[in-house]
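Trainee: Residue numbers (UniProt numbering): 1 to 445.
Glycine is no exception: its CB is placed at the ideal position from the N, C-alpha and C atoms.
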Amino acid sequence: MFIKKYLYPKRKDSNLSINILLSFLSRAGGAAIGFLIIPSIIDVIDKDNYGTYLSIISFFVLTQILDFGVNNVIKNKVSGHLEEKRYLQASLYFTNSYIFVIFVGIMFIVLSTIFYFFFENIYVYIFNLKSENSDWIGIVFLVICLTLLNFLAQPGINLLYCQNKTYLAYFINFIGQLIGFSLFIILKETYIDKIYLTVFCIYGAPCILNIICVLYFQFSDKSLVKIKPMLFDFEIVREILMDSLRFFIIQIASVVQFQLSNYLVSIYFNPYKVAEFNVYNKYFSVVQILLSIISTPYWISFARFYSSQNYTKLNRELKNFQNSVYLISIFLVFQYLIGPMVFQFWLSDKVSYEYETSFYIMIYYLLYINGATYVIFMNSTSKLNVQVVTSIVSVFLFLFLLKYLSKLIGINSVSIALIVANFYGILIAPIQVMKFLKNKLKTVF
Numbered sequence: 001m002f003i004k005k006y007l008y009p010k011r012k013d014s015n016l017s018i019n020i021l022l023s024f025l026s027r028a029g030g031a032a033i034g035f036l037i038i039p040s041i042i043d044v045i046d047k048d049n050y051g052t053y054l055s056i057i058s059f060f061v062l063t064q065i066l067d068f069g070v071n072n073v074i075k076n077k078v079s080g081h082l083e084e085k086r087y088l089q090a091s092l093y094f095t096n097s098y099i100f101v102i103f104v105g106i107m108f109i110v111l112s113t114i115f116y117f118f119f120e121n122i123y124v125y126i127f128n129l130k131s132e133n134s135d136w137i138g139i140v141f142l143v144i145c146l147t148l149l150n151f152l153a154q155p156g157i158n159l160l161y162c163q164n165k166t167y168l169a170y171f172i173n174f175i176g177q178l179i180g181f182s183l184f185i186i187l188k189e190t191y192i193d194k195i196y197l198t199v200f201c202i203y204g205a206p207c208i209l210n211i212i213c214v215l216y217f218q219f220s221d222k223s224l225v226k227i228k229p230m231l232f233d234f235e236i237v238r239e240i241l242m243d244s245l246r247f248f249i250i251q252i253a254s255v256v257q258f259q260l261s262n263y264l265v266s267i268y269f270n271p272y273k274v275a276e277f278n279v280y281n282k283y284f285s286v287v288q289i290l291l292s293i294i295s296t297p298y299w300i301s302f303a304r305f306y307s308s309q310n311y312t313k314l315n316r317e318l319k320n321f322q323n324s325v326y327l328i329s330i331f332l333v334f335q336y337l338i339g340p341m342v343f344q345f346w347l348s349d350k351v352s353y354e355y356e357t358s359f360y361i362m363i364y365y366l367l368y369i370n371g372a373t374y375v376i377f378m379n380s381t382s383k384l385n386v387q388v389v390t391s392i393v394s395v396f397l398f399l400f401l402l403k404y405l406s407k408l409i410g411i412n413s414v415s416i417a418l419i420v421a422n423f424y425g426i427l428i429a430p431i432q433v434m435k436f437l438k439n440k441l442k443t444v445f
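1) Mark Tyr365 as exposed unless 16 or more other C-beta atoms lie within 10 angstroms of its C-beta, in which case mark it buried.
2) Write down every uninterrupted run of the alpha helix (DSSP H) in the stretch 51-125 whose length is 4 residues or greater and which is fully enclosed by it, in chain order.
3) At 3 residues or longer, and completely inside the stretch 183-260: list those beta strand (DSSP E) runs for me, N to C.
4) How would you label Val325, buried or exposed, when you count the other beta carbons within 10 angstroms and need 16 or more for buried?
5) Starting from the C-beta of Pro39, find all residues in its chain whose C-beta is less than 8 Å away, skip the five residues before and the five after it, and write them out in chain order.
6) Between the alpha carbons of Ser182 and Asp46, how many angstroms are there, rounded?
7) For my contact list, Leu402 and Tyr268 are in at a C-beta cut-off of 8 Å; report their separation, rounded to the angstrom.
8) May I ask you to report which of helix, strand or coil DSSP gives residue 454?
9) List the endpoints of the continuous alpha helix (DSSP H) containing Ile363.
10) Applying the criterion that 16 or more other CB atoms from any shown protein chain within 10 Å of the CB defines a buried residue, is Glu276 buried or exposed?
11) I need the DSSP call for Val287, collapsed to helix, strand or coil.
12) If I follow the unbroken alpha helix (DSSP H) through residue 451, where does it start and stop?
13) Does Ile106 pass the burial test, meaning 16 or more other C-beta atoms within 10 Å, or should it be called exposed?
14) Within its chain, find whatever has a CB closer than 8 Å to the CB of Tyr203; leave out the 5 residues flanking it on each side and keep chain order.
15) State buried or exposed for Ser308, treating a residue as buried only when at least 16 other CB atoms are found within 10 Å of its CB.
16) In the DSSP assignment, the alpha helix (DSSP H) including Tyr161 goes from what residue to what residue?
17) On the criterion of 16 or more Cβ atoms from any shown chain inside 10 Å, does Glu317 qualify as buried, or is it exposed?
18) What distance in whole Å lies between the Cβ atoms of Ala303 and Asn76, which are believed to be in contact at a cut-off of 8 Å?
19) Is DSSP giving Gln177 helix, strand or coil here?
20) Do three or more CB pairs link the stretch 326-339 to the stretch 354-364 at distances below 8 Å?
21) Classify Val351 as helix, strand or coil using the three-state DSSP reduction.
22) In whole angstroms, give me the CA-to-CA distance for Ala429 and Ile139.
23) Which residues bound the alpha helix (DSSP H) around Asn439?
24) Please determine, among Ser26, Leu209 and Gln251, the residue with the shortest C-alpha to C-alpha distance to Val389.
25) When you compare the CB positions of Tyr311 and Leu437, do they come within less than 8 Å of one another, or not?
26) Any heavy atom of the ligand MN inside 7 Å of the beta-carbon of Phe423?
27) State yes or no: is the C-beta of residue 467 within less than 8 Å of the C-beta of Phe184?
28) How far does the alpha helix (DSSP H) with Tyr336 in it reach, from first residue to last?
29) Considering just the uninterrupted stretch of the alpha helix (DSSP H) at Asn412, what are its terminal residues?
30) Is the CB-CB distance between Leu291 and Ile172 below 8 Å?
31) Give the straight-line distance between the Cα atoms of Leu54 and Val265, rounded to the nearest whole angstrom.
32) Round the Cβ separation of residue 446 and Ile227 to the nearest angstrom and send it over; I've been treating them as touching at under 8 Å.
33) Whole angstroms are fine: how far does the CA of Gly69 sit from the CA of Phe247?
34) What does the alpha-carbon distance come out to for the pair Val393 and Asp193?
35) Give me the Cα-Cα distance between Val73 and Ile114, rounded to the nearest whole angstrom.
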């Protein structure tokens with residue numbers, strides 16, 4: 001009985017505070033595992049191999065943009081229909097979105113397989129691999145297959161967000177991390193190929209569990225929104241793609257700047273620096289995890305209140321969101337100050353804590369999370385015209401600054417380039433939100 005209530009709570013009982021609290025517990029567990037994983041992996045495969053592993057994983061995060069922004073459209077469209085109990089309409093948009101994602105996923109695996117068998121030198125060049133080490137080519141293909149599974153699971157995970165079950169999506173991810181980490185610890189002494197073991201356990205376990213859970217929910221009688229092939233409608237697919245195009249452009253900018261930092265560091269520096277930068281990034285990204293815990297429920301709330309044009313509740317929820325982010329910002333500064341003690345306890349002498357490097361990363365995250373408050377608000381309303389233009393500009397600005405500054409100031413150039421390229425969230429989005437709430441629908445963005 002308890003499990004059924006947890007998996008399928010009634011919508012009226014799903015309030016924002018409980019959602020955030022349960023999400024926090026799951027993400028806190030996932031973050032703890034994430035911190036434990038790093039020293040364990042470095043001990044098993046050494047820092048250089050860990051850097052190469054991170055470069056490959058980071059590169060294939062690119063596949064999250066291959067949905068062309070469809071997953072964000074699912075959040076805005078499906079959550080609105082669910083709020084009004086229009087389950088058939090919700091299933092209509094969910095089905096057509098998923099069919100498109102499946103089609104793209106099939107194309108992705110076909111092209112990746114062709115490159116693997118006939119143009120494997122491309123992977124050697126992309127990841128700066130030693131040509132004589134063919135083992136990494138096989139690892140690349142394993143990562144591709146696991147990434148495809150995760151890619152196909154994402155619309156189903158997004159459906160949980162729309163149903164106010166953010167906590168459940170995070171709980172599934174936490175269990176996947178826990179299973180993977182446990183298998184890694186158990187098998188690391190006996191399994192011969194340590195790198196394959198690392199990829200399959202640490203990266204693969206959450207991907208596999210995601211797709212299993214999505215399939216379970218889709219075949220469950222309790223699910224109100226399901227994939228129904230008879231609802232396929234090319235015009236609906238076309239409508240979804242038109243709405244998602246702007247999200248797609250923004251996602252490209254986000255992935256290039258934020259998700260591919262490890263890969264870009266490997267190009268301008270070396271795998272050792274990738275591992276070092278990732279450790280600093282992992283430490284401070286705790287605040288990004290905290291932001292993600294509260295941002296998705298707020299995104300859904302913003303979308304619902306905007307759909308009903310309830311501006312009083314929009315203002316109230318935005319202020320609550322801002323206050324939560326201010327608390328996270330205070331924690332971030334405290335995190336910076338106690339860094340040396342944490343690093344000594346966490347990593348011993350594997351990676352030393354440098355105040356200068358960590359300062360730039362801290363400033364980036366401080367500005368990022370505060371700007372994200374307004375960016376998420378605008379995303380939930382689908383008013384994205386200005387953000388689309390600035391996203392395109394920010395990509396070129398980031399790449400130019402990184403290439404130019406990397407020769408002058410080294411690894412800190414990554415953080416500085418990220419800070420400058422985030423000008424939309426820091427400067428423009430706050431102005432947009434204030435004008436939007438003041439003028440309501442009169443202003444077009």
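Mentor: Reading from the atomic positions:
1) Mapped onto the sequence shown, residue 365 falls at position 365. By the 10 Å Cβ count, Tyr365 comes out buried.
2) 70-83 and 87-118
3) none
4) In the sequence shown, counting from the first residue as 1, residue 325 sits at position 325. With 16 or more other Cβ atoms within 10 Å, it is buried.
5) Sequence index remark: in the sequence shown, residue 39 carries index 39 (1-based). Excluding positions up to five away in sequence, the list reads Trp346, Leu347, Ser348 and Lys350.
6) Along the sequence shown, read from residue 1 onward, the residue named residue 182 stands at position 182. Along the sequence shown, read from residue 1 onward, the residue named residue 46 stands at position 46. If I take the Cα positions, the gap works out to 20 Å.
7) In the sequence shown, the residue the question calls residue 402 occupies position 402. In the sequence shown, the residue the question calls residue 268 occupies position 268. Yes, they are in contact, since the Cβ atoms of Leu402 and Tyr268 sit about 7 Å apart, within 8 Å.
8) Since the first and last residues shown for the chain are 1 and 445, residue 454 lies out of range.
9) As a working mapping, residue 363 is identified with position 363 in the sequence shown. Segment Tyr355 to Thr381, the alpha helix (DSSP H) holding Ile363.
10) For this step, residue 276 is matched to residue 276 along the sequence shown. It counts as buried.
11) Residue 287 sits at position 287 when you count from the first residue of the sequence shown. In this structure, Val287 counts as helix in the three-state DSSP scheme.
12) With the chain covering only 1 through 445, there is no way to say anything about residue 451.
13) The sequence position of residue 106 within the sequence shown is 106, counting from 1. Exposed is the call here.
14) Taking the first residue of the sequence shown as position 1, residue 203 is located at position 203. Around Tyr203: Ile57, Val143, Leu146 and Gly180.
15) The residue given as residue 308 occupies position 308 in the sequence shown. Its Cβ having fewer than 16 others within 10 Å, Ser308 is exposed.
16) Indexing the sequence shown from 1 puts residue 161 at position 161. Counting along the chain, the alpha helix (DSSP H) containing Tyr161 begins and ends at Asp135 to Cys162.
17) Position 317 of the sequence shown, counting from 1, holds the residue named residue 317. Label assigned to Glu317: buried.
18) Residue numbering aside, residue 76 sits at position 76 when the sequence shown is read from its first letter. Residue numbering aside, residue 303 sits at position 303 when the sequence shown is read from its first letter. Rounded, the Cβ-Cβ distance is 5 Å, consistent with contact.
19) Here residue 177 is taken as the residue at index 177 of the sequence shown, counted from 1. Residue state, collapsed to three classes: helix.
20) yes
21) Within the sequence shown, the letter at position 351 stands for residue 351. In this structure, Val351 counts as coil in the three-state DSSP scheme.
22) Indexing the sequence shown from 1 puts residue 429 at position 429. Indexing the sequence shown from 1 puts residue 139 at position 139. Those two C-alpha atoms are separated by around 41 Å.
23) Here residue 439 refers to the residue found at position 439 of the sequence shown. Note, Asn439: alpha helix (DSSP H), Ala429 to Asn439.
24) Your numbering for residue 389 matches position 389 in the sequence shown. Among Ser26, Leu209 and Gln251, the Cα nearest to that of Val389 is on Gln251.
25) Here residue 311 corresponds to residue number 311 of the sequence shown, with the count starting at 1. Here residue 437 corresponds to residue number 437 of the sequence shown, with the count starting at 1. Yes.
26) No copy of the ligand MN appears in this structure; indeed no ligand is present at all.
27) Residue coverage of the chain in this structure runs from 1 to 445, which leaves residue 467 outside it and unanswerable.
28) Translated into the one-based positions of the sequence shown, residue 336 becomes position 336. Per DSSP, Tyr336 belongs to the alpha helix (DSSP H) from Tyr311 to Leu337.
29) Position 412 of the sequence shown, counting from 1, holds the residue named residue 412. That run of the alpha helix (DSSP H) goes Asn412 to Ala421.
30) Residue numbering aside, residue 291 sits at position 291 when the sequence shown is read from its first letter. Residue numbering aside, residue 172 sits at position 172 when the sequence shown is read from its first letter. Contact flag unset, no.
31) Against the sequence shown, residue 54 aligns to sequence position 54. Against the sequence shown, residue 265 aligns to sequence position 265. Looking at the two C-alpha atoms, the distance is approximately 11 Å.
32) The structure shown does not extend to residue 446, since the chain is modelled only from 1 to 445, so the question has no answer here.
33) Sequence index remark: in the sequence shown, residue 247 carries index 247 (1-based). Sequence index remark: in the sequence shown, residue 69 carries index 69 (1-based). If I take the Cα positions, the gap works out to 5 Å.
34) Against the sequence shown, residue 393 aligns to sequence position 393. Against the sequence shown, residue 193 aligns to sequence position 193. Roughly 43 Å between the two C-alpha positions.
35) Counting from 1 along the sequence shown, the entry for residue 73 is found at position 73. Counting from 1 along the sequence shown, the entry for residue 114 is found at position 114. Cα to Cα, the separation comes out at about 31 Å.
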